[in-house]
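Peer 1: Keeping their order, the protein sequence lines are chains E and Y. Counting along the first sequence from 1, when you hit position 146 you're at 439 in our numbering, and nothing is skipped either side. Counting along the second sequence from 1, when you hit position 64 you're at 76 in our numbering, and nothing is skipped either side.
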Amino acid sequence: MNVSRFLGYQYGDLLLAWIARTIRARYKQSLLGGLWAVIQPATAAIIFSLIFTYFVPIDTEGIPYLLFSYTAMVPWTLLTASITDMVDSLVINMNLISKIYFPREVLPIAAMLARLLDFGIAFLVLTILLLFFQIPMDPFLLFLLPMVVVIQLMLVLGVGLIGAALNVFYRDIRHVVGLGLQIWLYASPVIYPVGRVPESLRTFYFLNPMAGIIESYRDILLHQRMPGAYLLASMAIAVAIMALGYVLFKRLELQFADVV
Amino acid sequence: MSPSVEFLHVSKRYRVGQWLPSLREALASRGARDPSQYHWAVKDVSFSLEPGEALGIIGPNGAGKTTILKLLSRVTYPTQGEIQIHGRLSALIELGAGFHPDLTGRENIYLNGTILGMKRAEIRRRFDQIVEFAGIGHYLDTPVKRYSSGMYARLGFAIAAHMDPDVLLVDEVLAVGDYAFQQKCHAHMDRLRSQGTTLIFVSHNMEAVRRVCDKVLVMYRGEKIFEGSAAEGVIAYSDALREAARNRSVEVPEEGGLAERIMTFDAEIVRVELLDETGQPTTVLQAGQRAIVRVHVVFHRDVSSPIFSLIVRTVDGRTVYDTTTKWQGIETPHFRAGERCTAVFELDICLLDGEYQLGVDTVATDFSHYYDRLERAMNFYVEGARGAQGLADLRARFSVNRIMSSEEIP
Numbered sequence: 294m295n296v297s298r299f300l301g302y303q304y305g306d307l308l309l310a311w312i313a314r315t316i317r318a319r320y321k322q323s324l325l326g327g328l329w330a331v332i333q334p335a336t337a338a339i340i341f342s343l344i345f346t347y348f349v350p351i352d353t354e355g356i357p358y359l360l361f362s363y364t365a366m367v368p369w370t371l372l373t374a375s376i377t378d379m380v381d382s383l384v385i386n387m388n389l390i391s392k393i394y395f396p397r398e399v400l401p402i403a404a405m406l407a408r409l410l411d412f413g414i415a416f417l418v419l420t421i422l423l424l425f426f427q428i429p430m431d432p433f434l435l436f437l438l439p440m441v442v443v444i445q446l447m448l449v450l451g452v453g454l455i456g457a458a459l460n461v462f463y464r465d466i467r468h469v470v471g472l473g474l475q476i477w478l479y480a481s482p483v484i485y486p487v488g489r490v491p492e493s494l495r496t497f498y499f500l501n502p503m504a505g506i507i508e509s510y511r512d513i514l515l516h517q518r519m520p521g522a523y524l525l526a527s528m529a530i531a532v533a534i535m536a537l538g539y540v541l542f543k544r545l546e547l548q549f550a551d552v553v
Numbered sequence: 013m014s015p016s017v018e019f020l021h022v023s024k025r026y027r028v029g030q031w032l033p034s035l036r037e038a039l040a041s042r043g044a045r046d047p048s049q050y051h052w053a054v055k056d057v058s059f060s061l062e063p064g065e066a067l068g069i070i071g072p073n074g075a076g077k078t079t080i081l082k083l084l085s086r087v088t089y090p091t092q093g094e095i096q097i098h099g100r101l102s103a104l105i106e107l108g109a110g111f112h113p114d115l116t117g118r119e120n121i122y123l124n125g126t127i128l129g130m131k132r133a134e135i136r137r138r139f140d141q142i143v144e145f146a147g148i149g150h151y152l153d154t155p156v157k158r159y160s161s162g163m164y165a166r167l168g169f170a171i172a173a174h175m176d177p178d179v180l181l182v183d184e185v186l187a188v189g190d191y192a193f194q195q196k197c198h199a200h201m202d203r204l205r206s207q208g209t210t211l212i213f214v215s216h217n218m219e220a221v222r223r224v225c226d227k228v229l230v231m232y233r234g235e236k237i238f239e240g241s242a243a244e245g246v247i248a249y250s251d252a253l254r255e256a257a258r259n260r261s262v263e264v265p266e267e268g269g270l271a272e273r274i275m276t277f278d279a280e281i282v283r284v285e286l287l288d289e290t291g292q293p294t295t296v297l298q299a300g301q302r303a304i305v306r307v308h309v310v311f312h313r314d315v316s317s318p319i320f321s322l323i324v325r326t327v328d329g330r331t332v333y334d335t336t337t338k339w340q341g342i343e344t345p346h347f348r349a350g351e352r353c354t355a356v357f358e359l360d361i362c363l364l365d366g367e368y369q370l371g372v373d374t375v376a377t378d379f380s381h382y383y384d385r386l387e388r389a390m391n392f393y394v395e396g397a398r399g400a401q402g403l404a405d406l407r408a409r410f411s412v413n414r415i416m417s418s419e420e421i422p
């Protein structure tokens, strides 16, 4: 509708229809529905809070650990849920791909955008937590927040497109991606602060674009400070991965229908 | 006018078997690889269509017909060659392939319509027409998983057909639905064509192809073996199958053998003679006289009670007369391999002047497949008919009687 006209994309309406279909199908015959969008990151945050508050106390610059980890867990859940959905998006719709032409990237992109609803719900709860813990907000910095989300989505798009396209050829990819996401969690400052990473390794550490992205969420929401240069590095890497993912996808797309 | 569809030296190669390509091979979309692991589904096929033209593609299973449709609809891409399509394309191939069973008819109209490339606003504009055409009014808000297969297909057809395509691909789907719906589909296709839509039609139904198409492409094992008029195409197709049968490279299908015109050559028609009343071979018959068709057959295997049939057609392929020994109630004997026989048909030539085509075939006793078939054994001419035009001589007798004014008109 207006969105698609704005995007100037002939298949914009299909993208919207497919997002709606995905969301409807997800919450059909589900009792808790949208609540799962919160339960998922909150459970992880609570478990890590118990560990890092009582067993292995960790310094989080005065922020309650629950808030500290939930702030990171919300964008992290967006990353894992959308990449997982994207990787499966082509394979579960092979009957369509082998029969009807439409731009194939619609399926993984819709899978990603459909997860934005969950992200929104989880973020709403994060806002409530921020108010509850009386964390001050800096209105100017809040304008930066959408930029961080966009950088993260570019990264997700790149990784998801590569995973989705390769998964059509080799189903091992889905397991590789699952394992990779677990490792990636520990390589990112989700459950621990960047401060615990040895100074000498910091530059290397920020080559992981999620490190800069998560740190930026915390900078803006918890510390009311401008994100450092690591956000620019993350942006450059995210753009590069997105470009690579798109080119690879377009290249492999020509053979999708032949691999049934 | 510039062509609406151009297919230029197109070839498509598929991988044979199940092995996985290496990552490097998957990325190299073109290039030389081990040829034994590939199979050419389409080999160097070219054709071009003007707007409003209708092309029929015929050929046995595995000839490459479906691959051509997939290439045209951009589901798959050519290994070599180039395809150009001017205007919007719609494919009646897999009706309702994009339906989600849990969504209602209404939701699926929008979903399927956008998958096919329509804008939401366009679908909204045609929504009532689509619902009306599919005849699903009462079930619009029912999930499509509760639809009958007929309703499902009707809705799928209605959505695809209301796209106002410039190029329409049709694959056998008209076999779905009841007779009334099929009539509706044909009428809709005729209407689209009269508006300048280019039609590409794949079918086993020769009558439908002859009726709908201006020209025909005959595919055989990935290659175009004929391009021309529908009537000539049907003959070329039959001859190609006969050649394959002669080379003994035919698998007898479980069913559908007759529709696909598979021949096994268990019996072979070696010669067909057309004789006039006096027993002289001829190709020119006098209207109203008798003629004899003698079919000489050799049996290559044991065959019990084969059926022999004879078909007379006009040169543009319309059937004038079609008969078989079975329909006539004639029991034929059992034949052993190596035996020969002649089947003799005596005919009254109740035809008017013109050129006709004689076809003969021999069929398994259960009509499951052909042993041999000559779509056109020969052409013959009829002459000497008087006082009428058309095909059949119905032997009219006239009387004209003046009515007196005092009589009552009966």
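We put the beta carbon where it would ideally sit given N, CA and C, even for glycine.
List, from N- to C-terminal side, the alpha helix (DSSP H) runs of 4 residues or more that fit wholly inside the segment 90-173 of chain Y.
Peer 2: Complete alpha helix (DSSP H) runs here, min 4: 117-127, 132-146 and 161-173.
Peer 1: When the Cα atoms are used, what is the spatial distance from residue 135 (chain Y) to residue 142 (chain Y)?
Peer 2: As a first step, residue 135 (chain Y) must be located in the second sequence, where it is residue number 123. As a first step, residue 142 (chain Y) must be located in the second sequence, where it is residue number 130. Answer to the nearest angstrom: the Cα atoms are 9 Å apart.
Peer 1: Can you tell me the Cα-Cα spacing of residue 119 (chain Y) and residue 352 (chain E), whole angstroms?
Peer 2: On the second sequence, position 107 is the one that residue 119 (chain Y) refers to. On the first sequence, position 59 is the one that residue 352 (chain E) refers to. So the two alpha carbons sit approximately 52 Å from each other.
Peer 1: If we call anything under 8 Å between Cβ atoms a contact, is residue 367 (chain E) one with residue 415 (chain E)?
Peer 2: If you number the first sequence from 1, residue 367 (chain E) lands on position 74. If you number the first sequence from 1, residue 415 (chain E) lands on position 122. Going by C-beta atoms, residue 367 (chain E) is nearer than 8 Å to residue 415 (chain E).
Peer 1: Reducing DSSP to helix, strand and coil, say where residue 389 (chain Y) ends up.
Peer 2: Locating residue 389 (chain Y) in the second sequence gives position 377, counting from the first residue. Strand.
Peer 1: Please work out which residues of its chain come closer than 7 Å, Cβ to Cβ, to residue 452 (chain E), disregarding the five sequence neighbours upstream and downstream, and give them in chain order.
Peer 2: The residue you call residue 452 (chain E) lines up with position 159 of the first sequence. Closer than 7 Å at Cβ, skipping near neighbours: 376, 534 and 538.
Peer 1: For a contact defined as C-beta to C-beta under 8 Å, what are the partners of residue 388 (chain E) on chain Y?
Peer 2: Locating residue 388 (chain E) in the first sequence gives position 95, where the first residue counts as 1. 109, listed in chain order.
Peer 1: In whole angstroms, give me the CA-to-CA distance for residue 279 (chain Y) and residue 312 (chain Y).
Peer 2: Residue numbering aside, residue 279 (chain Y) sits at position 267 when the second sequence is read from its first letter. Residue numbering aside, residue 312 (chain Y) sits at position 300 when the second sequence is read from its first letter. Answer to the nearest angstrom: the Cα atoms are 6 Å apart.
Peer 1: For a cutoff of 8 Å on Cβ pairs, would you count residue 106 (chain Y) as touching chain E?
Peer 2: For the purposes of this step, residue 106 (chain Y) is taken as the residue at position 94 of the second sequence. True, the Cβ-Cβ gap to chain E drops below 8 Å.
Peer 1: Tell me the DSSP secondary structure of residue 469 (chain E) in three-state form.
Peer 2: Taking the first sequence and counting its residues from 1, one reaches residue 469 (chain E) at position 176. Looking at residue 469 (chain E) - three-state DSSP - the assignment turns out to be helix.
Peer 1: Could you check whether residue 406 (chain E) and residue 382 (chain E) sit closer than 8 Å to each other, using their CB atoms as the reference points?
Peer 2: Position 89 of the first sequence, counted from the first residue, corresponds to residue 382 (chain E). Position 113 of the first sequence, counted from the first residue, corresponds to residue 406 (chain E). No, the Cβ-Cβ distance between residue 382 (chain E) and residue 406 (chain E) is not below 8 Å.
Peer 1: Say whether the segment 246-257 of chain Y touches the segment 54-72 of chain Y, bearing in mind that this needs 3 or more beta-carbon pairs closer than 8 Å, one atom from each stretch.
Peer 2: Output reads yes: the segment 54-72 of chain Y touches the segment 246-257 of chain Y.
Peer 1: Per DSSP, what kind of secondary structure is residue 184 (chain Y) in: helix, strand or coil?
Peer 2: In the second sequence, counting from the first residue as 1, residue 184 (chain Y) sits at position 172. Residue 184 (chain Y) falls in the coil class under three-state DSSP.
Peer 1: When the Cα atoms are used, what is the spatial distance from residue 301 (chain Y) to residue 211 (chain Y)?
Peer 2: As a working mapping, residue 301 (chain Y) is identified with position 289 in the second sequence. As a working mapping, residue 211 (chain Y) is identified with position 199 in the second sequence. Distance between the alpha carbons of residue 301 (chain Y) and residue 211 (chain Y) is about 44 Å.
Peer 1: Just checking: is the beta-carbon of residue 352 (chain E) within a distance shorter than 8 Å of some beta-carbon in chain Y?
Peer 2: As a first step, residue 352 (chain E) must be located in the first sequence, where it is residue number 59. Not an interface residue.
Peer 1: In the structure shown, what three-state DSSP assignment does residue 25 (chain Y) receive?
Peer 2: Your numbering for residue 25 (chain Y) matches position 13 in the second sequence. Strand.
Peer 1: Which parts of the segment 190-220 of chain Y are runs of the alpha helix (DSSP H), unbroken and 4 residues or longer, counting only runs that do not cross its ends?
Peer 2: You should have 191-206.
Peer 1: Chain Y partners of residue 314 (chain E), CB-CB under 9 Å?
Peer 2: Position 21 of the first sequence, counted from the start, is the residue given in the question as residue 314 (chain E). Per Cβ cutoff of 9 Å: 112, 115, 119 and 123.
Peer 1: Closer than 8 Å by beta-carbon distance: list the chain Y residues that pair up with residue 551 (chain E), in chain order.
Peer 2: Residue 551 (chain E) sits at position 258 when you count from the first residue of the first sequence. In chain order: 26, 27 and 88.
Peer 1: As a quick exercise: from Y:112, Y:407 and Y:83, pick the residue whose alpha carbon is nearest that of residue 102 (chain Y).
Peer 2: What you label residue 102 (chain Y) is simply residue 90 of the second sequence in a count that begins at 1. Looking at the Cα atoms, Y:83 is the closest of the given residues.
Peer 1: I need the boundaries of the alpha helix (DSSP H) containing residue 403 (chain E), first residue and last residue.
Peer 2: To locate residue 403 (chain E), count along the first sequence from 1; it is residue 110. First-last of the alpha helix (DSSP H) with residue 403 (chain E): 399-425.
Peer 1: Does DSSP put residue 373 (chain E) in a helix, a strand or coil?
Peer 2: The residue you call residue 373 (chain E) lines up with position 80 of the first sequence. Residue 373 (chain E): helix per DSSP, three-state reduction.
Peer 1: Classify residue 305 (chain E) as helix, strand or coil using the three-state DSSP reduction.
Peer 2: Your numbering for residue 305 (chain E) matches position 12 in the first sequence. DSSP places residue 305 (chain E) in helix when its eight states are reduced to three.
Peer 1: For residue 128 (chain Y), decide whether its Cβ has a neighbour in chain E, counting only Cβ atoms nearer than 8 Å.
Peer 2: In the second sequence, counting from the first residue as 1, residue 128 (chain Y) sits at position 116. Residue 128 (chain Y) counts as touching chain E.
Peer 1: Kindly say whether residue 131 (chain Y), judged by its beta-carbon, lies nearer than 8 Å to any beta-carbon of chain E.
Peer 2: The residue you call residue 131 (chain Y) lines up with position 119 of the second sequence. Cβ-Cβ to chain E under 8 Å: yes for residue 131 (chain Y).
Peer 1: As a quick exercise: from Y:27, Y:65 and Y:53, pick the residue whose alpha carbon is nearest that of residue 233 (chain Y).
Peer 2: Walking along the second sequence from the start, residue 233 (chain Y) turns up at place 221. Nearest option by C-alpha distance: Y:53.
Peer 1: Is the segment 231-245 of chain Y in contact with the segment 338-356 of chain Y, if contact means three or more CB pairs nearer than 8 Å?
Peer 2: No contact exists between the segment 231-245 of chain Y and the segment 338-356 of chain Y.
Peer 1: Report, in whole angstroms, the separation of the C-beta atoms of residue 348 (chain E) and residue 129 (chain Y), which I expect to be a contact under 8 Å.
Peer 2: Locating residue 348 (chain E) in the first sequence gives position 55, counting from the first residue. Locating residue 129 (chain Y) in the second sequence gives position 117, counting from the first residue. At roughly 57 Å, the Cβ-Cβ gap does not stay under 8 Å, so residue 348 (chain E) and residue 129 (chain Y) are not in contact.
Peer 1: I'd like to know if residue 85 (chain Y) contacts chain E, where contact means its C-beta is closer than 8 Å to some C-beta of that chain.
Peer 2: Along the second sequence, one-based indexing puts residue 85 (chain Y) at 73. Yes, residue 85 (chain Y) lies at the interface with chain E (some Cβ there is under 8 Å from its Cβ).
Peer 1: Cα separation between residue 400 (chain Y) and residue 160 (chain Y)?
Peer 2: The residue given as residue 400 (chain Y) occupies position 388 in the second sequence. The residue given as residue 160 (chain Y) occupies position 148 in the second sequence. So the two alpha carbons sit approximately 51 Å from each other.
Peer 1: How would you label residue 479 (chain E), buried or exposed, when you count the other beta carbons within 10 angstroms and need 16 or more for buried?
Peer 2: Along the first sequence, one-based indexing puts residue 479 (chain E) at 186. So residue 479 (chain E) ends up on the exposed side.
Peer 1: What is the C-beta distance between residue 23 (chain Y) and residue 96 (chain Y), in whole angstroms, given that I count them as a contact (C-beta under 8 Å)?
Peer 2: Looking up residue 23 (chain Y) in the second sequence gives position 11. Looking up residue 96 (chain Y) in the second sequence gives position 84. So it is not a contact: roughly 16 Å between Cβ atoms.
Peer 1: Sorted by chain position, which residues of the same chain lie with C-beta nearer than 7 Å to residue 527 (chain E)'s C-beta, five sequence neighbours on each side aside?
Peer 2: Counting from 1 along the first sequence, the entry for residue 527 (chain E) is found at position 234. Excluding positions up to five away in sequence, the list reads 444, 502, 505 and 506.
Peer 1: Can you list, in chain order, the residues of its chain with a C-beta nearer than 6 Å to that of residue 393 (chain Y)? Leave out the 5 residues immediately preceding and following it.
Peer 2: Start at 1 with the first residue of the second sequence, and residue 393 (chain Y) comes out as number 381. Closer than 6 Å at Cβ, skipping near neighbours: 296 and 367.
Peer 1: Answer with yes or no whether the minimum CB distance from residue 391 (chain E) to chain Y is below 8 Å.
Peer 2: Looking up residue 391 (chain E) in the first sequence gives position 98. So yes, residue 391 (chain E) belongs to the interface.
Peer 1: Roughly how many angstroms separate the alpha carbons of residue 311 (chain E) and residue 173 (chain Y), rounded to a whole number?
Peer 2: Walking along the first sequence from the start, residue 311 (chain E) turns up at place 18. Walking along the second sequence from the start, residue 173 (chain Y) turns up at place 161. In a straight line, the C-alpha of residue 311 (chain E) is about 22 Å away from that of residue 173 (chain Y).
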